[in-house]
Amino acid sequence: MTSLTPKPSQVESWERLPSDWHNDERMDALFAFFKDRDLNPVHYDAKMKFWSETISTFCEDHGLLQIDMPTIVSRFRRKGKTPKCLDKVFDELVKQNRLISTNDYTNSQQSSWVSWSFNKLASPITSWMSPKTPVDQEVFIIKELVDKKALQVVEALQSQVYVPTFDCVVSFTSFINTCRRCALIDENSINLVISALTRDKKILIDYIGDAKDVKVVKFVAPGASVVRPLTEIENSVLLLRHSKERLEEQLKKSDEQIEGLLADIRRHLKNSNRTAAMKLLRKKKLLEREHEKKEGTIEHLNSVLTQIEQTDCSSLVINAYSSGVQAHKELLRKNGLTPDAVDDMIDEVQEMLENQKDLDEALSRPVGNETTDMTELEGELEELLKQPVLPTPVPAAPIPAQKEVVSEEYIKPPEQDPFADLELRLQKLGVQESTPNKVPEIASSSQ
C-alpha cells in the first residue's frame with residue numbers, strides 16, 4: 033500500500049533552513065502567486081527578498097552554480113506543495129543580472145564583462161526582436177556564486193603553498209579534489225569555476241612530460257595578481273613529484289600482490305602442493321626485491337626534493353638579507369648617519385657636558401662679600417669637639433610646700449611702686465647714665 037504521507041524533500045535536511053519554514057500560515061503566503069505590487073508593496077518586497085536570499089544561500093551551500101526553475105521548484109517542495117511564485121523571482125534576478133543565461137555567460141567568457149554589458153545595452157532593439165526563451169525553460173548561471181567559489185578555490189590552493197617557487201603547480205586531480213572540498217560536487221559547477229579562473233588569469237592548465245601526457249594546473253601565487261607561465265624549475269620539480277607518485281602507486285600494487293602470493297602459498301602448503309608453493313615463493317622474492325629498489329628510489333627522490341626546497345629557502349634567506357642591507361644603507365643615507373658624523377656628534381656632546389660642568393662650578397661659588405674661610409671654621413669645630421663635655425645638671429626634687437594657716441581676715445596685698453622700673457624703662461629709651469639724679473626728681477615731681 034502506498035503511503036499518503038509525502039516524502040521529505042531535500043531542503044528539509046538543510047542546515048540553514050529558513051526559520052519560517054515550519055510556519056504553515058506564513059509559508060502558504062510565501063508559496064502563493066505574487067499579487068500586484070501596488071496593492072501591498074511591503075509584503076511584495078519582503079516575499080521577493082525571502083525567495084532571492086533563500087535560493088542563493090541554498091545554491092551556495094549545495095555547490096549549485098547552474099540552475100533552472102523546474103529544479104529549484106522541486107527542491108523546495110513542502111508537504112506536497114511547490115512554490116507558485118518562482119517565475120517572478122527568476123525574472124527579478126535576471127533583471128538584476130544575478131542570473132545570467134548560459135548563452136550570455138558563454139559569450140561573456142569570450143570577451144570581458146564590460147564589453148559584454150555594453151553590447152547588451154547598446155543593442156536593445158536586437159534583443160527585443162530576437163525570440164526570448166521562457167524563464168521556466170532557460171538554464172541560468174549564478175555569476176556571484178561562480179566568482180565566490182572561484183575565490184574560495186584559489187584561497188584553498190594558496191593555503192597549501194610552502195615554497196612559492198614551485199608549490200604553485202598541482203596535478204589536475206589534486207585541483208579537482210580541492211574544488212570538491214569547496215562544496216563543488218556538480219561537474220558543471222566545477223567547469224564553471226575553471227572557466228572563470230582561466231578568464232581572470234588566476235589559473236593556467238598545461239601538460240608536462242616527454243609525451244605531454246601529464247595534466248597540471250598552475251595557480252596564482254600568494255600576493256600576485258595573475259598567474260605566470262610554467263618555468264623550467266617548476267617543470268623539473270613536477271616531473272620528480274610525478275615520478276614519485278607513480279612509484280608510490282606501484283608500491284601499493286606490489287604490496288597487494290605480495291599479500292596475495294602469501295595467501296596462495298599458504299593455501300598450496302595446506303593442500304600439500306609444495307611445487308606450486310615453491311614457484312609462488314620465488315615470485316614473491318622477486319617482487320620483494322623490486323619493492324626494496326622502488327623504496328630506495330622513492331627515498332632518493334625525497335632527498336632530492338628536500339635539497340631543492342632547502343636551496344630555495346636559502347635563496348629566500350639571502351634575498352631577505354640583501355633587502356635588509358639595502359634598507360639599512362638607505363636609512364643611513366637618508367638620515368645622514370656616517371662614522372664621521374657620529375664622531376662629530378660625540379665630540380659636541382662631550383663639549384656640552386664640560387660646559388655644563390663649568391656652569392655648575394660657577395653657580396656653586398659663594399655670592400657677595402662672604403669671606404669666611406672654610407678652614408678657619410673647620411678648626412673652630414675641632415676645638416669645640418676637644419673641649420670636655422660638662423655633666424648635665426640633675427634638677428632637684430621639688431620641695432613640698434608647707435601649708436600656711438590663713439586667717440579668715442582679709443590680707444591686703446602690698447602696694448607696688450609705680451616708679452620701681454622707671455630707671456629700666458628710661459635706659460631702654462636711651463637715657464644716659466650721667467643723669468642718674470633725674471630719676472628721683474622725676475619721681476618726686478610726679479608725686
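Here this note's numbering is used: the first residue of the sequence shown is 33, the next is one more, and so on.
For glycine and all other residues, C-beta sits at the position ideal for the given N, C-alpha and C.
Alpha carbon of A78 to alpha carbon of L71, nearest angstrom: About 14 Å.
Let me know the beta strand (DSSP E) ranges lying completely inside the region 198-227, each 3 residues or longer, listed in chain order. Those beta strand (DSSP E) runs which fall completely within the region 198-227 and span 3+ residues are 201-203.
Measure the beta-carbon distance from E44 to M80 and round it to whole angstroms, keeping in mind my assumption that it falls under 8 Å. The C-beta distance from E44 to M80 rounds to 24 Å, too long to meet the 8 Å contact threshold.
Is it buried or exposed for Y353, if we count other Cβ within 10 angstroms and need 16 for buried? Exposed, since its Cβ has fewer than 16 Cβ neighbours within 10 Å.
Enumerate in chain order the residues of its own chain whose CB-to-CB distance from T230 is below 8 Å, with the five nearest sequence positions on each side excluded. For T230, same chain residues with a beta-carbon under 8 Å away, outside a window of 5 residues either side, are L236, I237 in chain order.
Do L293 and L319 count as a contact pair if the criterion is CB distance below 9 Å? Taking a C-beta distance under 9 Å as the contact criterion, L319 and L293 qualify as a contact pair.
Element boundaries [beta strand (DSSP E), containing Q98]: Looking at the DSSP string, the run of the beta strand (DSSP E) that includes Q98 is 98-100.
Top-ranked residue by Cα proximity to S227, from I99, E47, K181, K389: Residue K181 is the option with its Cα nearest to S227.
Within 10 Å of its beta-carbon, does E266 have 16 or more other beta-carbons around it, so buried, or fewer, so exposed? By the beta-carbon neighbour count (other beta carbons within 10 angstroms, threshold 16), E266 is buried.
Under 8 Å, with one C-beta from each stretch per pair, do the region 240-250 and the region 111-120 reach the 3-pair mark? Taking 8 Å as the limit for Cβ pairs, the verdict is that the region 111-120 does not touch the region 240-250.
For the region 291-315, list the alpha helix (DSSP H) runs that are entirely contained and at least 4 residues long, ordered along the chain. Considered as a whole, the region 291-315 harbours no complete run of any alpha helix (DSSP H) with no fewer than 4 residues.
E47: which of D56, D93, H75, F65 sits nearest, CA to CA? Among D56, D93, H75, F65, the Cα nearest to that of E47 is on D93.
For F108, name the three-state secondary structure that DSSP assigns. Secondary structure at F108: coil, using DSSP grouped into helix, strand and coil.
Since V171 contacts L224 with CB under 8 Å, what's their CB separation in whole angstroms? Wrong, their Cβ atoms sit about 12 Å apart, outside the cutoff.
Contact under 9 Å by Cβ, L183 with L272: Not closer than 9 Å, so no.
Distance between F108 and F90 (C-alpha atoms, nearest Å): The C-alpha of F90 lies about 10 Å from the C-alpha of F108.
Roughly how many angstroms lie between the CA atoms of K315 and V248, to the nearest whole one? Going by the C-alpha atoms only, they are around 37 Å apart.
R212 and I551 - do their beta-carbons sit closer together than 9 Å? Shown here, the chain extends from 33 to 479; a query on residue 551 therefore has no answer.
Assigned secondary structure, F65 (DSSP; H/G/I helix, E/B strand, else coil): The answer is coil: DSSP assigns F65 none of H, G, I, E or B.
Compute the Euclidean distance between the alpha carbons of L312 and I297, then round it to the nearest angstrom. Each residue's Cα considered, the two are about 6 Å apart.
Compute the Euclidean distance between the alpha carbons of L301 and Q342, then round it to the nearest angstrom. Rounded to whole angstroms, L301 and Q342 show a C-alpha spacing of 52 Å.
How would you label S140, buried or exposed, when you count the other beta carbons within 10 angstroms and need 16 or more for buried? Label assigned to S140: buried.
According to DSSP, is L236 helix, strand or coil? Here L236 sits in strand by DSSP.
Assuming the contact rule is C-beta atoms closer than 8 Å, S275 and L216 should be a hit. Round their C-beta distance to whole Å, please. Wrong, their Cβ atoms sit about 30 Å apart, outside the cutoff.
Buried versus exposed, by CB contacts within 10 Å (16 or more), Q192: Q192 is exposed by the Cβ-count criterion.
Sort P254, V246, F207, K234 by Cα distance to V195 and report the nearest one. Answer by Cα proximity: P254.
For the beta strand (DSSP E) containing L131, list its first residue and its last residue. Start and end: 131-133.
Report, in whole angstroms, the separation of the C-beta atoms of V269 and F198, which I expect to be a contact under 8 Å. Contact flag correct, Cβ pair sits at about 4 Å.
Going by other Cβ atoms of all chains shown within 10 Å of its Cβ, with 16 needed for buried, is S51 buried or exposed? Exposed: under 16 other Cβ atoms inside 10 Å.
Tell me whether K285 is buried or exposed, calling it buried when 16 or more other Cβ atoms sit within 10 Å of its Cβ. Result: exposed.
Using beta-carbon positions only, say whether K234 and F251 come within less than 9 Å of one another. The answer is yes: Cβ separation under 9 Å.
Can you tell which of V201, N387, E415 has the C-alpha that lies nearest to the C-alpha of P261? It is V201.
Can you tell me where the alpha helix (DSSP H) holding K79 begins and where it ends? Here the alpha helix (DSSP H) through K79 covers 73-93.
Measure the C-alpha to C-alpha separation of T158 and E281 and round it to an integer number of angstroms. For T158, the predicted model reports a pLDDT of 41, less than 50, meaning its position is unreliable and no value from the coordinates is stated.
So I174 packs on L97, CB below 8 Å; how close in whole Å? Indeed they touch by this definition, with Cβ atoms about 6 Å apart.
Supposed contact pair I87 and I104 - C-beta distance, whole angstroms, cut 8 Å: Their Cβ separation, rounded to whole angstroms, is 6 Å, which keeps I104 and I87 in contact under 8 Å.
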